Amino acid sequence: MNSLVEALGTSTAGAPGWPAVWVLDDDAGVRAALARLLRATALRVETFGSAGELLEALRVQRPQCLVLDLALPEVTGLELQHLLLARGEPIPIVFVSGSGSIAGSVEAMKEGAVDFLVKPVDSDALLGAVMRGLALEERWREARERQAEASRLVGKLTPREREVLVQVAQGKSNKRIAGELGTSEKTIKVHRGRLMHKLGARSVVDLVHLTERVGMIAE
């Protein structure tokens, strides 16, 4: 943990391009304390006093990690977590709670929370949880980029080539694919060669991974 903080340094705290962490807590004192701690590790920090403020901000930007109070006056932290998931906006969340509710912590973790910490929050525990959240967001970002690239490549294919792609990714032979699509094996070989070239694939394994990324799951 200390090595991570040292690597980040403090000279560029809050600088554009550094990871953004949002803190949502209805207690102004807690917000200020958490913000000071996180900014000391070169993170960009924004604070919010209500779920409404945070949701409004999400319309134009998003953080790499969210430090979220469990007990909010408008909606609970768990309800906000569910809302973000339902909107397709997964954000790594570190929950903090003054009550230490076991039931709440279990539900939060089941829904994918990075950690559940009890107030007063230990600084090392919080920083460690936020770092894990940032690492998780980086993996999600890379996965989104791979998915977008896979979708772009598949978009180059003709409808027939897409049909052949799905069949090949299922491990079917050219002969079987030809029979199921009502064409010749030679034609399937041509389609297969063309789609492999367009997708930049070197093997069937590459095709399987690509179809998984774009959700081309066939029965």
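The numbering used here applies: residue 16 is where the sequence shown begins, and numbers increase by one.
Built from N, CA and C at the ideal position, the CB exists for glycine as well.
Only a predicted model underlies this, so the values are computations on that prediction, with no experimental measurement involved.
Opening and closing residue of the beta strand (DSSP E) in which residue i lies
{"i": "residue 62", "result": "59-63"}
{"i": "residue 70", "result": "Note, residue 70: premise wrong, no beta strand (DSSP E); alpha helix (DSSP H) at 66-72."}
{"i": "residue 112", "result": "108-112"}
Beta-carbon spacing of residue i, residue j below 7 Å
{"i": "residue 129", "j": "residue 147", "result": "yes"}
{"i": "residue 123", "j": "residue 131", "result": "yes"}
{"i": "residue 63", "j": "residue 70", "result": "no"}
Sequence-distant residues of the same chain with beta carbon closer than 8 Å to residue i, five excluded per side
{"i": "residue 105", "result": "99, 127 and 155"}
{"i": "residue 136", "result": "49 and 111"}
{"i": "residue 31", "result": "Its pLDDT being 49, under 50, residue 31 is placed unreliably in this model, and the value from its coordinates should be taken loosely. Counting only Cβ-Cβ distances below 8 Å, and skipping sequence neighbours, we find 59."}
Run of the alpha helix (DSSP H) containing residue i, from where it starts to where it stops
{"i": "residue 139", "result": "138-169"}
{"i": "residue 132", "result": "Taken as a continuous stretch (DSSP letters only), residue 132 belongs to no alpha helix (DSSP H), being part of the beta strand (DSSP E) at 130-133."}
{"i": "residue 201", "result": "200-214"}
{"i": "residue 181", "result": "174-184"}
{"i": "residue 226", "result": "219-228"}
{"i": "residue 76", "result": "Neither: residue 76 is in no alpha helix (DSSP H) and is coded neither H nor E."}
{"i": "residue 92", "result": "92-101"}
Which residues DSSP lists as bridging residue i, in chain order
{"i": "residue 236", "result": "Look at the range of the chain in this structure, 16 to 234, and you will see that residue 236 is not part of it."}
{"i": "residue 311", "result": "In the structure displayed, the chain extends from 16 to 234; residue 311 sits before or after that span and is not available."}
Residues near residue i in its chain [Cβ-Cβ closer than 7 Å; skip 5 each side]
{"i": "residue 175", "result": "206"}
Cβ neighbours of residue i in the same chain (closer than 6 Å, five flanking residues each side left out)
{"i": "residue 218", "result": "none"}
{"i": "residue 34", "result": "58, 79 and 149"}
{"i": "residue 88", "result": "41"}
{"i": "residue 164", "result": "none"}
{"i": "residue 81", "result": "37, 106 and 108"}
Quick check: the region 221-231 against the region 195-205, are at least 3 beta-carbon pairs closer than 8 Å? no
Counting beta carbon pairs with one atom in the region 62-80 and one in the region 165-174, are three or more of them shorter than 8 Å? no
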